[in-house]
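S.K.:
Structure, rendered in structure tokens:
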């Protein structure tokens, strides 16, 4: 009886395991299942996570406009990714742009593979990154940009900024060939979104009354709810970028969580010491700073390195936020540049240090063969500078184009009334 049960156990184990190993066509079931899950988590970051996070931070007369912008950008970005975005980013091509052979996802079939994943899954996973990146930018011009301008700008920006830089880093382009360490989007997502938000804030100008009239978040409960969704969804963002269900994904998830927790705790402690009380807004902002900063390093560093990165994120992004708003008087409404932009720069730089396997407790998974910390930092700085300059210049040009087409900013009276009614003829609240 025991021998029969033993044989049945072995047979069942083999059958179950076969579903999670390479099939005859090269597809890996376990990896596919994880990336399907990660795709849902990353889309969850935008809808509803980022929408609620940003929505709670604006004034009540503009909450619906923020939710609508996030929702509409998810739609337009998905369509543009299908039409040409994926081809630009991941089509086999030159150093700076992919070929257009896969426009309209030509050749992407049920049977086509990207590595050991169905190409459909890879397309969809990368699409969710293309959705959230332009959505992050709206925090820089919240409460004052025309809805038509938001839509046109987001669509154009995705194609001429996000997709080419994605190709540079992940699609076989020149930065990837140099050996840039950007596991999940320090340059591709956070620096591009942060710089674009800063340029947009400068071009549009400050909100009416900025610096003179208090503009506190209208619903911190909504913001904290969205922040929690971002934290959870970020595991798909970073751990999913391993493109496999393996130890790299596990470590990416662990360091992501540690950096987020450290960033949040650091920020609230600074507020506690500086102002006498820690704020919920500070805690969730520090969390996002920790998440954004660990993103480029998440697949390369270890737990101790993640603690240092999270602490640095909480400290440096806190003072960057004060500098942008109070000293430079720039109305980056929802702190996109000091949190995502500065965090992306910091994390991309620190990846070149803490990826080293020669730092004892703070060691990571090791630098690329032949690289030292100093040489790797040279590559990291090149990636940071190229991404920053290209994004800033092209974003400015795009804003000028959109301004000539439909205008950028609502009128002063419309801004006073609020974008919910002006843009959508609806109210976020009707109490």
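Residue numbers (my numbering): 1017 to 1447.
Beta carbons: idealized from backbone N, C-alpha and C, even for Gly.
1. Considering only the alpha carbon of each residue, which of 1111, 1113, 1290, 1095 lies closest to residue 1121?
2. Mapping the DSSP letters down to three states, classify residue 1328 as helix, strand or coil.
3. Using CA coordinates, which residue listed in 1104, 1091, 1133, 1357 is at the minimum distance from residue 1041?
4. Distance check for residue 1351 and residue 1305, CA to CA, integer angstroms please.
5. In this structure, what does DSSP give as the bridge partners for residue 1425?
6. Taking only runs of the alpha helix (DSSP H) that begin and end inside the region 1280–1333, which ones reach a length of at least 4 residues, in chain order?
7. Helix or strand or just coil, what does DSSP make of residue 1354?
8. Three or more C-beta pairs closer than 8 Å, one from the region 1374–1389 and one from the region 1248–1256: is that the case here?
9. Taking Cβ positions, are residue 1448 and residue 1242 nearer each other than 8 Å?
10. Note down, in chain order, each residue of its chain lying with its Cβ closer than 7 Å to the Cβ of residue 1422, except the 5 sequence neighbours on either side.
11. What residues in its chain sit with their C-beta under 6 Å from that of residue 1287, if we drop five residues either side in the sequence?
12. Please report the straight-line C-alpha distance between residue 1224 and residue 1218, rounded to a whole angstrom.
13. Quick test of your reading: residue 1190 and residue 1117, contact by CB under 8 Å. State the CB separation rounded to the nearest angstrom.
14. Can you check whether the CB of residue 1302 is closer than 8 Å to the CB of residue 1280?
15. Where does the unbroken alpha helix (DSSP H) through residue 1250 begin, and where does it stop?
16. Got a sec? Which residues, its chain only, sit under 6 Å from residue 1406 by beta carbon, not counting five neighbours each side?
17. Three or more C-beta pairs closer than 8 Å, one from the region 1167–1184 and one from the region 1233–1240: is that the case here?
18. Determine the extent of the alpha helix (DSSP H) in which residue 1083 is found, giving its start and end residues.
M.R.: On the basis of the coordinates in this document:
1. Here the closest residue by C-alpha is 1095.
2. DSSP places residue 1328 in helix when its eight states are reduced to three.
3. Distance check between residue 1041 and each of 1104, 1091, 1133, 1357 places 1133 closest, using alpha-carbon atoms only.
4. Counting only the Cα atoms, residue 1351 lies some 10 Å from residue 1305.
5. The partner list for residue 1425 (beta bridge, DSSP) reads 1161.
6. For the region 1280–1333, the full-length alpha helix (DSSP H) segments reaching 4 residues or more read 1296–1310 along the chain.
7. The answer is helix: DSSP assigns residue 1354 an H, G or I state.
8. The region 1374–1389, when compared against the region 1248–1256, does not touch it at the 8 Å Cβ threshold.
9. In the structure as shown, the chain begins at 1017 and stops at 1447. Residue 1448 is therefore absent and cannot be evaluated.
10. Only 1162, 1164, 1165, 1168 meet the Cβ criterion.
11. 1294, 1295, 1298.
12. Taking the straight line joining both Cα atoms gives about 14 Å.
13. With 8 Å as the limit, residue 1190 and residue 1117 do not qualify as a contact, their Cβ atoms being about 20 Å apart.
14. One thing to note: residue 1280 has its Cβ within 8 Å of the Cβ of residue 1302.
15. Segment 1236–1255, the alpha helix (DSSP H) holding residue 1250.
16. Once the five neighbours on either side are set aside, residue 1406 has no close Cβ partner at all.
17. Taking 8 Å as the limit for Cβ pairs, the verdict is that the region 1233–1240 does not touch the region 1167–1184.
18. Start and end: 1079–1096.
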